[in-house]
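Following: one structure in structure tokens, then a few remarks.
Number of protein chains: 2
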Amino acid sequence: MRIVLIGAGNLANRLGIALSTKRGVQVVQVWSRTETAAQALARKIGCSYTSDLNNLVGNADLYLLAVTDNAIETVLRNAPLKGKNIAHTAGSMAMDVLNSFSDSVGVFYPLQSFTVSRVIDFSTIPIFIEANNDGMLGFLQELALSLSEKVHIISSSQRLQIHLAAVFICNFVNHLYAIGEQLSKEHQIDFNFLKPLLFETANRIENLSPFAVQTGPAIRQNQEIIDIHLALLEDHPSWKEIYHLISKDIALTHYTK
Amino acid sequence: MRIVLIGAGNLANRLGIALSTKRGVQVVQVWSRTETAAQALARKIGCSYTSDLNNLVGNADLYLLAVTDNAIETVLRNAPLKGKNIAHTAGSMAMDVLNSFSDSVGVFYPLQSFTVSRVIDFSTIPIFIEANNDGMLGFLQELALSLSEKVHIISSSQRLQIHLAAVFICNFVNHLYAIGEQLSKEHQIDFNFLKPLLFETANRIENLSPFAVQTGPAIRQNQEIIDIHLALLEDHPSWKEIYHLISKDIALTHYTK
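So the protein lines, in turn, are chains A and B.
Under the numbering used here, think of the first position of the first sequence as 21, with each following residue one higher.
Under the numbering used here, think of the first position of the second sequence as 21, with each following residue one higher.
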């Protein structure tokens with residue numbers, strides 16, 4: 021299977037490098053708006069590259085878009101891919117957004133957060149696929165199974181719900197980590213002190229329901245401590261609001277039914 | 021060192037059981053308001069128990085309070101511990117709250133979230149101690165070092181800041197997990213799909229700054245996706261508010277300076 025990888029960001033990097041080691045799959049070209057980015061990734065994969073959408077290889081089996089959501093339509097409007105197999109990798113974009121650019125479209129959504137600097141073991145990652153025809157679905161399935169055993173065919177609307185949940189348990193969680201890091205810095209506390217707690221909070225979810233293991237002042241309805249903490253956040257009105265709102269929601273979730 | 025453990029909840033359980041295997045440390049008695057709880061923990065430790073504060077063993081080296089913050093003063097008001105070494109284990113209670121109950125007071129604060137059902141490896145947990153006299157500080161240090169290599173002497177005000185950061189990276193993070201779990205349930209999505217992402221989000225913090233690895237629609241300022249997600253949360257006004265507020269704060273944190 022010959023693949024043209026469109027994009028050279030975090031996901032394109034991790035995906036391109038992972039695919040380059042798989043039998044039966046060949047990334048033949050990388051495109052990026054930025055030529056140096058395309059070149060850098062193409063070097064890692066060992067393939068050609070271009071920053072000109074008119075120079076895309078014509079005979080690939082799949083054109084895989086790993087660009088930011090906003091860029092998908094802009095790229096496709098300028099790429100001559102009518103009649104080709106095109107798929108995007110976005111959590112919250114319906115497959116239909118591709119309809120005006122080709123007859124054969126699909127989605128390839130690996131549920132993970134990618135950082136250029138961090139190697140990802142794709143074998144543990146669920147990959148959600150969708151296609152508007154059986155041939156395309158077969159291509160995407162083959163591609164996904166080359167990386168992971170956890171391949172699931174789901175609709176655009178279910179993928180959207182998964183992405184929404186992912187925003188809470190990944191993007192928003194990470195921002196709370198960043199708040200904890202910043203609060204530590206401001207008070208000369210080594211953020212490393214907090215890491216065993218941070219890891220335990222995640223690891224216990226392997227076998228326990230987060231609802232069942234909620235701890236802290238809010239679930240104990242310890243208003244005295246909550247008020248002390250809110251007072252400490254005077255200089256950070258937005259964090260104070262987050263503290264207040266999540267504490268209120270913990271009480272709401274656990275004490276009303 | 022002979023210790024009376026006051027409390028039989030999550031922390032008292034994990035702490036009592038961990039201490040029962042240490043040389044030089046002996047938990048001689050467990051007190052709990054509930055006799056059956058005191059008995060159950062005492063059995064695990066192999067010591068005596070009571071639910072009557074007037075029956076506390078008189079000659080212990082340390083009376084360690086592992087009860088909820090709200091209960092600390094109530095318990096001490098009814099316990100004959102004047103002149104004894106007493107310490108609490110709370111993150112956000114100043115050491116001073118113990119002053120009216122004894123001359124020799126301190127704090128023993130292991131920074132972890134405890135669940136009765138989960139065994140905790142104390143050796144990786146930072147323990148923060150504080151005392152109003154050297155003898156007490158020595159006791160607490162010996163006790164802490166029997167469990168962990170990471171023992172730090174800090175003030176009540178620094179401990180409070182650590183606890184505040186811990187509420188964000190543990191209690192609030194766990195609540196976001198619970199929201200993700202509930203959203204999944206409502207849309208017939210297996211929450212296990214989200215776990216590799218959840219673990220990766222935590223694990224990458226071992227070596228990377230959370231600020232540096234923020235991903236998602238909010239940091240990409242993808243208002244179109246944010247609006248789609250907010251619309252999906254119509255039936256959960258409180259989660260919608262949390263989504264809005266954290267997204268706004270991500271933008272605020274990363275794009276203003």
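No residue lacks a Cβ here, since even glycine has one placed at the ideal position from N, Cα and C.
The structure displayed is predicted, hence computed values, not measured ones.
Please compile the residues from chain B whose C-beta is within a distance smaller than 9 Å of the C-beta of residue i.
i               : result
D269 of chain A : H195, I199, S258, W259, E261, I262
Q178 of chain A : H207, Q208, I209
R18 of chain A  : Outside the displayed span of chain A (21 to 277) sits residue 18 of chain A, for which this structure offers no information.
How about residue i and residue j: are their beta carbons less than 9 Å apart?
i               : j               : result
Q234 of chain B : N194 of chain A : yes
T265 of chain B : E169 of chain A : Correcting the residue type first, residue 265 of chain B is Leu in the shown sequence and not Thr. No, the Cβ-Cβ distance between L265 of chain B and E169 of chain A is not below 9 Å.
L25 of chain B  : A86 of chain B  : yes
V47 of chain A  : G36 of chain A  : yes
V127 of chain A : E150 of chain A : yes
H183 of chain A : H207 of chain B : no
V136 of chain A : N33 of chain A  : yes
I189 of chain A : F148 of chain A : no
L84 of chain A  : L101 of chain A : no
P216 of chain A : I145 of chain B : yes
N191 of chain B : S133 of chain B : yes
P230 of chain B : A198 of chain A : yes
L272 of chain B : S258 of chain A : yes
G103 of chain B : D89 of chain B  : no
A62 of chain A  : Q49 of chain A  : yes
G66 of chain A  : S40 of chain A  : yes
L214 of chain A : A232 of chain B : no
L165 of chain A : L196 of chain B : no
Q178 of chain B : I106 of chain A : no
List the residues of chain B that residue i touches, going by C-beta distances under 8 Å, in chain order.
i               : result
T19 of chain A  : Outside the displayed range of chain A (21 to 277) lies residue 19 of chain A, so it cannot be described from this structure.
V87 of chain A  : Going along chain B, no residue has its Cβ under 8 Å from V87 of chain A, so there is no contact; the nearest lies around 11 Å.
I147 of chain A : Within 8 Å Cβ-Cβ: nothing; I147 of chain A doesn't reach chain B, min ~10 Å.
Once you ignore the five residues that flank residue i on each side, which residues in its own chain have a CB closer than 7 Å to its CB?
i               : result
S267 of chain A : A238, I246
V117 of chain A : I92, E93
A114 of chain B : S176
H274 of chain B : Q234, I239
A57 of chain A  : A28
E55 of chain B  : S71
A38 of chain A  : F142, L167
L31 of chain A  : A86, T109, F134
N153 of chain A : S124
Y263 of chain A : H249, L250, L253
I140 of chain A : R34, Q132, F134
R53 of chain B  : S71
Q241 of chain A : A271
So which residues on chain A does residue i lean against when the C-beta distance must stay under 9 Å?
i               : result
V171 of chain B : Correct list: empty, because the minimum Cβ distance to chain A is about 12 Å.
S204 of chain B : Q181, I182, A185
Since residue i meets chain A, which of its residues come closer than 8 Å, beta carbon to beta carbon?
i               : result
F128 of chain B : Within chain A, no residue comes near F128 of chain B; the closest Cβ sits about 16 Å away, beyond 8 Å.
K215 of chain B : I225, E226
Which same chain residues end up closer than 8 Å to residue i when comparing Cβ atoms and leaving out the 5 residues on each side of it in sequence?
i               : result
S143 of chain B : L167, S168, E169
M21 of chain A  : G44, V45, Q46, D81, L82, F159, E162, L163
G236 of chain B : I270
G155 of chain B : N105, S124
K42 of chain A  : S166, L167
So which residues on chain B does residue i lean against when the C-beta distance must stay under 7 Å?
i               : result
E220 of chain A : Q132, S133
L265 of chain A : E261, I262, L265
Could you pull out every residue in the same chain whose Cβ sits closer than 6 Å to the Cβ of residue i, ignoring the five residues on either side in sequence?
i               : result
F211 of chain B : E201, S204
T70 of chain B  : W51
L96 of chain A  : F121
L73 of chain B  : N98, A99
I270 of chain B : A238, I239
K64 of chain B  : I37
Find the residues of chain A that neighbour residue i, judging by a C-beta separation of less than 7 Å, and give them in chain order.
i               : result
T276 of chain B : Within 7 Å Cβ-Cβ: nothing; T276 of chain B doesn't reach chain A, min ~11 Å.
T94 of chain B  : Correct list: empty, because the minimum Cβ distance to chain A is about 13 Å.
L84 of chain B  : Correct list: empty, because the minimum Cβ distance to chain A is about 19 Å.
L272 of chain B : S258
R22 of chain B  : What R22 of chain B touches in chain A: nothing, since even the nearest Cβ is about 29 Å away.
* Asked: Does the stretch 215-226 of chain A come close enough to the stretch 208-225 of chain B to have 3 or more Cβ pairs within less than 8 Å?
  -> Contact between the stretch 215-226 of chain A and the stretch 208-225 of chain B is present, because at least three Cβ pairs lie under 8 Å.
* **Residues of the stretch 222-233 of chain A whose Cβ lies closer than 8 Å to any Cβ of chain B, in chain order** => The residues in question are A222, N223, R224, I225, E226, L228, S229, P230, F231, V233.
* To do: For the stretch 102-122 of chain B, enumerate the residues whose C-beta is nearer than 7 Å to any C-beta of chain D, in chain order.
  => Here the protein chains are A and B, and chain D is not one of them.
* To do: Mind checking the stretch 71-82 of chain B against chain A and listing, in chain order, the residues whose C-beta falls within less than 8 Å of any C-beta there?
  => Taking 8 Å as the Cβ-Cβ cut-off against chain A, none of the residues of the stretch 71-82 of chain B qualify.
* Could you run through the stretch 238-255 of chain B and flag, in chain order, every residue whose CB is less than 8 Å away from some CB of chain A? => Along the stretch 238-255 of chain B, the positions whose C-beta sits under 8 Å from a C-beta of chain A are A238, I239, R240, N242, E244, I245, I248, H249, L252, L253, read in chain order.
* Taking a Cβ distance cut-off of 8 Å, strictly less, list which residues of the stretch 32-65 of chain B are near chain A, in chain order. => For the stretch 32-65 of chain B, the beta-carbon criterion of a distance under 8 Å to any beta-carbon of chain A is satisfied by none of its residues.
* Relative to chain B, which residues along the stretch 146-165 of chain A have a C-beta separation below 7 Å, given in chain order? -> Those would be P146, in chain order.
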